[in-house]
Each structure stands twice: as C-alpha cells, then as structure tokens.
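Peer 1: In the working numbering, the protein residues as written are 8 to 341.
For every residue, glycine included, the Cβ atom is placed at its ideal position computed from N, Cα and C.
Quantities reported herein were computed from a predicted structural model and do not represent experimental measurements.
Take a look at this one; I'll ask things after.
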Amino acid sequence: METIKKIDIIVPCFNEGRTLDIFVDEVTRAVSSVAGYRFTYIFIDDGSTDNTLEKIRSFACQEHTAATEQDVGKAAGIEVRYISFSRNFGKEAAMYAGLKASRGDYALIMDADLQHPPQLIRQMIDKLEETGSDSCAARRVSRKGEPRIRSVFARMFYKIMNRFSDIEIVDGVVDFRLMSRQMVRAIVSMPENQRFSKGIFAWVGFETCWIEFENVERIAGESKWSVWGLAKYAVDGFIDFAVSPLKFVGVFGGITAVGSMVYFIAEIIKTIIVGKDVPGYASTICLILFFGGLIIAILSVIGEYIGRMYLETKGRPVYIEKESNIDEEIKPAS
8 METIKKIDII
18 VPCFNEGRTL
28 DIFVDEVTRA
38 VSSVAGYRFT
48 YIFIDDGSTD
58 NTLEKIRSFA
68 CQEHTAATEQ
78 DVGKAAGIEV
88 RYISFSRNFG
98 KEAAMYAGLK
108 ASRGDYALIM
118 DADLQHPPQL
128 IRQMIDKLEE
138 TGSDSCAARR
148 VSRKGEPRIR
158 SVFARMFYKI
168 MNRFSDIEIV
178 DGVVDFRLMS
188 RQMVRAIVSM
198 PENQRFSKGI
208 FAWVGFETCW
218 IEFENVERIA
228 GESKWSVWGL
238 AKYAVDGFID
248 FAVSPLKFVG
258 VFGGITAVGS
268 MVYFIAEIIK
278 TIIVGKDVPG
288 YASTICLILF
298 FGGLIIAILS
308 VIGEYIGRMY
318 LETKGRPVYI
328 EKESNIDEEI
338 KPAS
C-alpha cells in the first residue's frame, strides 16, 4: 500500500487580503493532481491591518477544492491552519512560526503574492524525489520588472556576503523552498531572535537541489519591502553571519597604529636634522576629523555586534501569538 506523505504549505501574510483568494485557487489547482501527497495550508498572519485575517478564517471554515472542472485529477480538500501574531514581527518571524507549527513530512514556504509560481510545486516535489535531496529551493534567473538600482545592490550583497562569511548564498535565491522534516527540525532548533533565513538555510547544510524561474510580478498590491527595509535586511544578514567587520576593524586599527609610529619616528628624525617646524593648522584639523570619524565608525561596528548580543540575551520570543486554530496538543514542543 502506497504511503501518503504530507506537505505543509507555509504562507507568511502581511496585508495580503487582495491576493489570498487568487493564491488559494492557484495553489489548490497546482497541487490537485499531485498523487501520493496530502497538503495543508499554514497561514501566518503577521499583524495585518487589512482583512487578511478574516480571509484566512473563512478559508479555515471550508474545504478548498480545484477551481475548475478541467483540472486533471480530483482535488482532495486541503486543511487550513493559521497563526495570527499580536503585531507585525516581520516575515522572518512568520516563516519561523510556520516551520515550528509544521508537522508534515515536508514543509514548503511560499509567498502569497504569487511571485513564487505555484506550478513549480510539482517540479520541486519531482526533483526532490529524483535526487533524494533534503531541500529543493527556487532561484530567480532574471530580475525583470525590478528597479535596476535594486537589482545592482542585490547582486552586490550576494557577492560581499559570500566573500566575507562562512556560508554561501546562491545569487537569486528566494524563500520559495521545499524542505524535509529533518531539515525543518534543524532550522527550528535555532530560535535566535535576529533571524536571516537565507543564511540559516545555508548554514544548517543538507543537500539542496535547485529550480530556476523567471521573475514574476505581484498579482496585486505593492511590495512591503522599502529601500530602507531591504538595506536593513541586508545589513542584518551580513552581521548575523559574518565577523569580518570586526576583523577588519582590528586589522585597520593595527595598520593605523603602525603608520602613526612610523610618522612619529620620521618627525623625530626630521626635527633632529632640520630643526623645529611650525605644524600646519589645516593638516592638523584634517587629521583630527579623520581619526575622530574613524573612531566613531569603528565603535559603531562594534556597537552593532554588542547590541545584537544584548537583544539575544534578553531571551524574548521571536513572535507572540494572538490567535490560532492549531490545537495545543498537536503543536510541536518549543
């Protein structure tokens, strides 16, 4: 008798009320013909201020079947589970909550705006079965429709991250990923507050196969990521997985100290040979400003790391749950 495997589809949502109906129809249609697997939606409402939570509640009260009679195969009802946060904790916290609540053989993370094409789900499952990998991840091979400046900075981030950290993050990788239960357990075992999932996925290891796709624009609404938000996310990821800035500060400080010593000796020799020289006011002020700014910059880098240590030692939860239809007895242990 063939064993039915279970896949939990984890969907972080923040003000996605306009897209959820289309998302559920498209995903349900895509998975309706996948034999040998049973699917469950796990929606994570990340403190939405629109009707996202109401939509999710309505989904939980009904079975979702294939949207049209032309779909191949007969779609089984898909169970809908959800967690609603007390406020907006961010997508990283939402993904962690979904993985923590997952109980299936596999967990699939995807966005609700359909920028992660549902038709790739079947390909990801087939490739995972074919290769025997623990994870199948999607990566964008183009950034069509994305602002050019954003694409340039994104590529720069991946290059810098891979150059200065101990992990390698594939350029264009997105959060659209199918993972085995073993890999999910490893990720959930890292309850750090400052999370950068792309780095965590790479850090835990496990064999990963890849699916490539062209960039897809949102079906409705606007991206929740501002330029400042993306910049902060990049900095957070770099600091979380790289200690190179601290090493650079130490090396630069050593070079500066040696240079200062050489300059000091040269001035002594010059004074002995030539005699006293009236120091230049402008050069003195420039040096003071330069080293003053340098010291502040160095302290800022060190302060970033100390600040993160301080936040982690507080032991605050990654998120706070306000509402859920997941029974306590089936929730995974913390």
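Since LEU106 contacts GLN201 with CB under 8 Å, what's their CB separation in whole angstroms?
Peer 2: Here residue 106 refers to the residue found at position 99 of the sequence shown. Here residue 201 refers to the residue found at position 194 of the sequence shown. Incorrect: roughly 17 Å between the Cβ atoms, too far for contact.
Peer 1: In the DSSP output, what is MET186 paired with across the bridge?
Peer 2: As a first step, residue 186 is located in the sequence shown; it is residue number 179 there, counting from the start. ALA114, SER142, per the DSSP bridge assignment.
Peer 1: When the Cα of ILE85 is compared with those of GLY310, SER39, ASP178, which residue comes out closest?
Peer 2: In the sequence shown, the residue the question calls residue 85 occupies position 78. Of GLY310, SER39, ASP178, the residue nearest in Cα terms is SER39.
Peer 1: What does the Cβ neighbour count give for THR35, buried or exposed, with the cut at 16 atoms within 10 Å?
Peer 2: Start at 1 with the first residue of the sequence shown, and residue 35 comes out as number 28. Answer is buried; the Cβ neighbour count reaches 16.
Peer 1: Could you have a look at ALA73 and say whether DSSP puts it in helix, strand or coil?
Peer 2: To locate residue 73, count along the sequence shown from 1; it is residue 66. Residue placement at ALA73 is flagged as unreliable, the pLDDT there being 39, under the threshold of 50; a coordinate-derived value is accordingly withheld.
Peer 1: Skipping 5 residues on each side, what residues in its chain have a beta carbon closer than 6 Å to that of LYS12?
Peer 2: Residue numbering aside, residue 12 sits at position 5 when the sequence shown is read from its first letter. Excluding sequence neighbours, LYS12 sits near TYR44, ASP112.
Peer 1: Under a Cβ-count criterion, where at least 16 other Cβ atoms within 10 Å of its own Cβ denotes burial, should ILE63 be classed as buried or exposed?
Peer 2: Numbered from 1 along the sequence shown, position 56 holds the residue referred to as residue 63. ILE63 comes out buried.
Peer 1: Using C-beta distances below 7 Å, list every residue in its chain close to ASN332, excluding the 5 sequence neighbours before and after it, in chain order.
Peer 2: As a first step, residue 332 must be located in the sequence shown, where it is residue number 325. ALA67, ARG88, TYR89, listed in sequence order.
Peer 1: With DSSP collapsed to three states, give me the class of LYS12.
Peer 2: Taking the first residue of the sequence shown as 1, we reach residue 12 at position 5. Looking at LYS12 - three-state DSSP - the assignment turns out to be strand.
Peer 1: Considering only their Cβ atoms, is the gap separating ALA119 from GLU221 smaller than 9 Å?
Peer 2: The sequence position of residue 221 within the sequence shown is 214, counting from 1. The sequence position of residue 119 within the sequence shown is 112, counting from 1. No, these two residues do not count as a Cβ contact at 9 Å.
Peer 1: For the structure I just gave you, are there three or more beta carbon pairs, one from the region 137-149 and one from the region 46-55, closer than 8 Å?
Peer 2: No, the region 137-149 is not in contact with the region 46-55.
Peer 1: Per DSSP, VAL2 is paired with what?
Peer 2: Because the chain in this structure spans residues 8 to 341, residue 2 falls outside the shown range and cannot be described.
Peer 1: CB VAL325 to CB ALA104, shorter than 9 Å?
Peer 2: For the purposes of this step, residue 325 is taken as residue 318 along the sequence shown, with counting starting at 1. For the purposes of this step, residue 104 is taken as residue 97 along the sequence shown, with counting starting at 1. A contact, by the Cβ cut-off of 9 Å.
Peer 1: Nearest to VAL191 by CA position, among LYS277, GLY314, ILE116, is which residue?
Peer 2: Reading the sequence shown from its first residue, position 184 is the one you call residue 191. Checking every option, the nearest Cα to that of VAL191 belongs to ILE116.
Peer 1: Assign LEU306 to buried or exposed, taking buried as 16 or more other Cβ atoms, counted over all protein chains shown, within 10 Å of its Cβ.
Peer 2: Sequence index remark: in the sequence shown, residue 306 carries index 299 (1-based). LEU306 comes out exposed.
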